[in-house]
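Visitor: Numbering (this note's numbering), first residue to last: 1 to 179.
Attaching a single structure in structure tokens format; questions to follow.
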């Protein structure tokens, strides 16, 4: 039965391919080109036109006034500290997720008196920091980066409710210091 279906299919395909060959093209007589007579309009009388002098347009120069507008180079997204329901701030970067004393100073690199530090977070991720970077749970800022240490200054509220400065010094390990 399968063989029978194949033969039938081949016959149908062959008939479909040969059928257009037997019918051929219908011959139609060539079209005759009929030329129409050209109609010319009577020539219009010549009128002297007076040319009016055209006034030159003054160029309008647009001056951008940036007063009251935002800078086009500033980000549209504002990075702000989020406060949770209790009023405490939530960390906006991984550097603010751990206490400043939990970080380890791995390396310091500098050029022309400006130093950057490489610190290791407690979750074993390393970060490159510079002076002014926010570090720690208490929003401490890196105040100074020296040849062998990094100073973080944070303000902690004491028992009286006053903010007191607290300095945390992260030092390179003694065996790793090279000058």
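Quick reminder that beta carbons are idealized off the backbone N, C-alpha and C, glycines included.
Since the model is a prediction, treat every value here as computed from it, not as a measurement.
What are the residues that DSSP puts in a beta bridge with residue 114?
Guide: Note: residue 114 sits in a beta bridge opposite 111.
Visitor: Within the chosen definition, does the segment 149-167 reach the segment 120-127 through at least 3 CB pairs nearer than 8 Å?
Guide: no
Visitor: Please confirm whether residue 152 and residue 164 have their CB atoms less than 9 Å apart.
Guide: no
Visitor: Mind checking whether residue 148 and residue 130 have CB atoms under 9 Å apart?
Guide: Taking 9 Å as the Cβ cut-off, residue 148 and residue 130 do not qualify as a contacting pair.
Visitor: Looking at residue 136 and residue 95, is the spacing between their C-beta atoms short of 9 Å?
Guide: yes
Visitor: Excluding five sequence neighbours on each side, which residues of the same chain lie with their C-beta closer than 8 Å to the C-beta of residue 125?
Guide: 94
Visitor: Taking residue 149 as part of the beta strand (DSSP E), name the residues at either end of that continuous run.
Guide: 149-157
Visitor: Among residues of its own chain, excluding the 5 on either side of residue 34, which ones have a beta-carbon nearer than 6 Å to its beta-carbon?
Guide: none
Visitor: Pull up the DSSP beta-bridge partners for residue 164, would you.
Guide: 156
Visitor: At what residues does the beta strand (DSSP E) containing residue 127 begin and finish?
Guide: 126-129
Visitor: Should residue 76 and residue 105 be called a contact, given that it needs their Cβ atoms to be closer than 9 Å?
Guide: no
Visitor: Pick from 113, 127, 114, 16: whose alpha carbon is nearest that of residue 103?
Guide: 127
Visitor: With DSSP collapsed to three states, give me the class of residue 119.
Guide: strand
Visitor: Which of the three DSSP states, helix, strand or coil, is assigned to residue 171?
Guide: strand
Visitor: Have a look at residue 74 and residue 133 and give me their C-alpha separation to the nearest angstrom.
Guide: 20 Å
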